[in-house]
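Data first, discussion second: the structure below is written as structure tokens.
Residue numbers (the UniProt record's numbering): 1 to 433.
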């Protein structure tokens with residue numbers, strides 16, 4: 001590590017830590033000492049023994065009726081918003097949406113490039129920056145857990161394939177797999193020559209794909225923690241995404257989206273109207289098929305219907321408008337609704353260089369194979385007043401819990417809040433075959 005990099009990381013433990021004591025009001029300092037997981041102290045563990053689940057059947061978690069939007073910016077600021085939905089009146093099915101700031105603070109000493117929240121409860125938040133540090137936050141307690149210093153380059157991508165594991169990508173050409181129980185490094189995956197731009201984990205949790213500056217698509221075996229295959233693309237892939245079912249994958253560069261089958265046969269190539277900044281698959285609210293969401297330079301998110309059996313593989317069906325500048329990033333989440341007409345819906349949140357955070361209800365998309373293109377405005381918007389937003393993630397909102405009656409003031413509660421997450425340390429929710 002160069003002297004410049006050492007100095008940059010030293011700011012995290014000294015100057016930045018001191019600054020946060022003043023400005024970090026919504027995430028108060030913990031009484032317990034903070035823990036830093038560094039490259040020298042992180043313990044490596046065999047993935048094959050950590051990734052298998054126990055024999056217990058896992059129940060699908062219930063949906064939260066609220067949500068959190070977390071966005072990062074060039075100005076180093078991390079924004080956290082609590083989103084809620086309610087019925088306007090008992091006699092009406094009209095919904096009212098709100099976004100309320102719960103924290104705003106400088107989380108890094110350099111611009112924030114990636115944010116990711118763990119699924120199924122949204123306990124963990126990971127943020128990556130140009131300062132080469134991945135910071136981990138406890139969203140429920142609103143406190144910092146520590147810094148992961150495994151990489152020697154800017155953090156380019158973060159994703160939680162499950163609530164028990166985090167995968168990171170960096171300009172140093174490596175991907176790292178962390179275990180959330182103790183934030184130990186399970187594997188450091190090496191193969192790329194140069195910057196890794198994006199990583200996507202298959203819905204099964206067994207394999208991952210990555211693209212980077214070396215114009216190569218890599219496939220990683222997450223069960224064994226090693227490279228499984230690589231394919232020369234002939235272009236620098238900026239984003240790679242698996243579909244919801246895992247039967248398709250997308251590689252994006254500049255204005256181009258390539259759709260591949262699982263055996264990497266090119267199925268379709270589409271050129272978008274302007275420079276693309278983010279792409280994501282989403283399932284329709286009614287469960288009938290998938291759509292592709294494209295955030296781009298044209299100040300809107302375009303929704304494409306995935307129609308593999310038709311002449312047009314990707315067909316534009318809607319424009320999600322409301323931003324005044326390029327749309328930099330987007331994310332989706334499914335939530336429960338208080339309305340009696342619909343049990344749940346899927347929300348999309350997008351962030352723009354104009355400083356706005358928009359939330360859209362995807363239940364209002366036109367049906368499959370419908371003609372024409374419709375425009376949809378956000379159901380709610382938050383304005384950061386000029387911050388150049390770069391990334392966004394959605395997490396389940398705070399859930400109100402009923403406390404048991406206290407019969408003895410001196411008695412210790414039988415169940416600690418952490419115990420509800422004991423199963424999150426059991427690895428990926430897949431079996432090794």
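Glycine included, each C-beta is placed from N, C-alpha and C at the ideal position.
Local conformation of residue 28 per DSSP, three classes: As a position in the chain shown, residue 28 is number 28, starting the count at 1. Unreliable placement is indicated for residue 28, whose pLDDT of 38 sits below 50; no coordinate value is reported for it.
Figure out for me which residue from 258, 371, 127 and 355 has the closest Cα to the Cα of residue 381. Along the chain shown, read from residue 1 onward, the residue named residue 381 stands at position 381. If we check each option's Cα against that of residue 381, 355 comes out closest.
Along the chain, where does the beta strand (DSSP E) that runs through residue 277 open and close? Taking the first residue of the chain shown as position 1, residue 277 is located at position 277. Where residue 277 is concerned, the enclosing beta strand (DSSP E) stretches over 276-283.
CB-CB under 6 Å to residue 341, same chain, minus the five flanking residues each way: which ones, in chain order? For this step, residue 341 is matched to residue 341 along the chain shown. So the list reads 93, once near-sequence residues are dropped.
Determine the burial state of residue 50: buried for a count of at least 16 other Cβ atoms within 10 Å of its Cβ, exposed for fewer. As a first step, residue 50 is located in the chain shown; it is residue number 50 there, counting from the start. With a pLDDT of 41 at residue 50, under the threshold of 50, the predicted position of this residue should be treated as unreliable, and no value is reported.
Specify whether the region 356-376 and the region 123-131 touch according to this definition: at least 3 beta carbon pairs, one from each stretch, less than 8 Å apart. no
For a test of the three-state rule: what should DSSP assign to residue 389, helix, strand or coil? Taking the chain shown and counting its residues from 1, one reaches residue 389 at position 389. Three-state DSSP puts residue 389 in a strand.
Coil, strand or helix - residue 363 by DSSP: As a working note, residue 363 is residue 363 in the chain shown. Correct three-state label for residue 363: helix.
Could you check how far apart the C-beta atoms of residue 190 and residue 174 are, in whole angstroms? I think they sit under 8 Å. Position 190 of the chain shown, counted from the start, is the residue given in the question as residue 190. Position 174 of the chain shown, counted from the start, is the residue given in the question as residue 174. Rounded, the Cβ-Cβ distance is 5 Å, consistent with contact.
What separation, rounded to the nearest whole angstrom, lies between the Cα atoms of residue 136 and residue 149? For the purposes of this step, residue 136 is identified with residue 136 of the chain shown, where counting begins at 1. For the purposes of this step, residue 149 is identified with residue 149 of the chain shown, where counting begins at 1. Each residue's Cα considered, the two are about 11 Å apart.
Determine the burial state of residue 403: buried for a count of at least 16 other Cβ atoms within 10 Å of its Cβ, exposed for fewer. Within the chain shown, the letter at position 403 stands for residue 403. Residue placement at residue 403 cannot be trusted, given a pLDDT of 32 that sits under 50; what the coordinates show is reported in the next sentence. Burial call: exposed.
Helix, strand or coil for residue 95, going by three-state DSSP, please let me know. For the purposes of this step, residue 95 is taken as residue 95 along the chain shown, with counting starting at 1. In this structure, residue 95 counts as strand in the three-state DSSP scheme.
Anyone know if the C-beta pair for residue 282 and residue 267 falls short of 8 Å? For the purposes of this step, residue 282 is identified with residue 282 of the chain shown, where counting begins at 1. For the purposes of this step, residue 267 is identified with residue 267 of the chain shown, where counting begins at 1. Not closer than 8 Å, so no.
Just list the residues that DSSP pairs residue 268 with in beta bridges. Stepping through the chain shown from its first residue, residue 268 is reached at position 268. Looking at the DSSP assignment, residue 268 forms a beta bridge with 259.
Since residue 161 is in the beta strand (DSSP E), which residue starts that stretch and which ends it? Stepping through the chain shown from its first residue, residue 161 is reached at position 161. Residues 155-162.
Could you give the uninterrupted runs of the beta strand (DSSP E) lying entirely in the region 168-206, keeping only those of 3 residues or more? 174-179, 184-190 and 196-201
Spatially closest choice to residue 317 from 309, 274, 211 and 372, by CA coordinates: Numbered from its first residue, the chain shown carries residue 317 at position 317. Here the closest residue by C-alpha is 372.
Does DSSP classify residue 309 as helix, strand or coil? Indexing the chain shown from 1 puts residue 309 at position 309. Residue 309: coil per DSSP, three-state reduction.
Grouping DSSP H, G and I as helix and E and B as strand, with all else coil, what is residue 323? Indexing the chain shown from 1 puts residue 323 at position 323. Here residue 323 sits in coil by DSSP.
Option nearest residue 101 by Cα separation, candidates 90, 71, 228 and 87: Here residue 101 refers to the residue found at position 101 of the chain shown. The shortest C-alpha separation from residue 101 is found at 71.
Can you give me the Cβ contacts of residue 385 inside the same chain, cut-off strictly under 7 Å, excluding the 5 residues immediately before and after it? Looking up residue 385 in the chain shown gives position 385. These residues qualify, in order along the chain: 355.
Inter-residue Cα distance where the pair is residue 378 and residue 103: Within the chain shown, numbered from 1, the residue matching residue 378 stands at position 378. Within the chain shown, numbered from 1, the residue matching residue 103 stands at position 103. Approximately 22 Å, taken between the alpha carbons.
According to DSSP, is residue 236 part of a helix, a strand, or is it coil? Translated into positions along the chain shown, residue 236 becomes position 236. Coil at residue 236, not helix or strand.
Using the DSSP secondary-structure output, state which residues sit across from residue 304 in a beta bridge. Position 304 of the chain shown, counted from the start, is the residue given in the question as residue 304. DSSP, once it has assigned bridges, lists 292 and 316 as partnering residue 304.
Pick helix, strand or coil for residue 107, following the three-state DSSP scheme. Your numbering for residue 107 matches position 107 in the chain shown. Residue 107 falls in the coil class under three-state DSSP.
Are residue 279 and residue 252 close, meaning C-beta to C-beta below 8 Å? The sequence position of residue 279 within the chain shown is 279, counting from 1. The sequence position of residue 252 within the chain shown is 252, counting from 1. Yes.
For residue 187, count neighbouring Cβ atoms within 10 angstroms of its own Cβ and tell me buried if that reaches 16, exposed if not. One-based indexing of the chain shown puts residue 187 at position 187. The residue is buried, with at least 16 neighbouring Cβ atoms inside 10 Å.
Whole-angstrom distance between residue 258 and residue 393, CA atom to CA atom: Position 393 of the chain shown, counted from the first residue, corresponds to residue 393. Position 258 of the chain shown, counted from the first residue, corresponds to residue 258. For residue 393 and residue 258, the distance between alpha carbons rounds to 24 Å.
Neighbourhood of residue 195 by C-beta, 6 Å cutoff - its chain only, sequence neighbours within 5 removed: In the chain shown, residue 195 corresponds to position 195, counting from 1. Result list for residue 195: 171, 212 and 213, in chain order.
For residue 338, count neighbouring Cβ atoms within 10 angstroms of its own Cβ and tell me buried if that reaches 16, exposed if not. Position 338 of the chain shown, counting from 1, holds the residue named residue 338. Looking at its Cβ environment, which holds fewer than 16 other Cβ atoms inside 10 Å, residue 338 is exposed.
Let me check one thing: in DSSP terms, what residues is residue 231 bridge-paired to? Position 231 of the chain shown, counting from 1, holds the residue named residue 231. BP columns for residue 231 point to 217.
Would you kindly work out how many angstroms separate the C-alpha atoms of residue 109 and residue 349, rounded to a whole number? As a working mapping, residue 109 is identified with position 109 in the chain shown. As a working mapping, residue 349 is identified with position 349 in the chain shown. Rounded to the nearest angstrom, the two C-alpha atoms are 26 Å apart.
Could you give the distance in angstroms between the alpha-carbon of residue 86 and the alpha-carbon of residue 334? The residue you call residue 86 lines up with position 86 of the chain shown. The residue you call residue 334 lines up with position 334 of the chain shown. Residue 86 and residue 334: Cα-Cα distance of roughly 16 Å.
Would you mind stating whether residue 390 and residue 328 have Cβ atoms separated by less than 8 Å? In the chain shown, the residue the question calls residue 390 occupies position 390. In the chain shown, the residue the question calls residue 328 occupies position 328. Their beta carbons are under 8 Å apart, which means residue 390 touches residue 328 by this criterion.
Put residue 101 into one of helix, strand or coil per three-state DSSP. Taking the chain shown and counting its residues from 1, one reaches residue 101 at position 101. Note: residue 101 maps to strand in three-state DSSP.
Where does residue 354 sit, in a helix, a strand or coil, going by DSSP? Stepping through the chain shown from its first residue, residue 354 is reached at position 354. Three-state DSSP puts residue 354 in coil, outside helix and strand.
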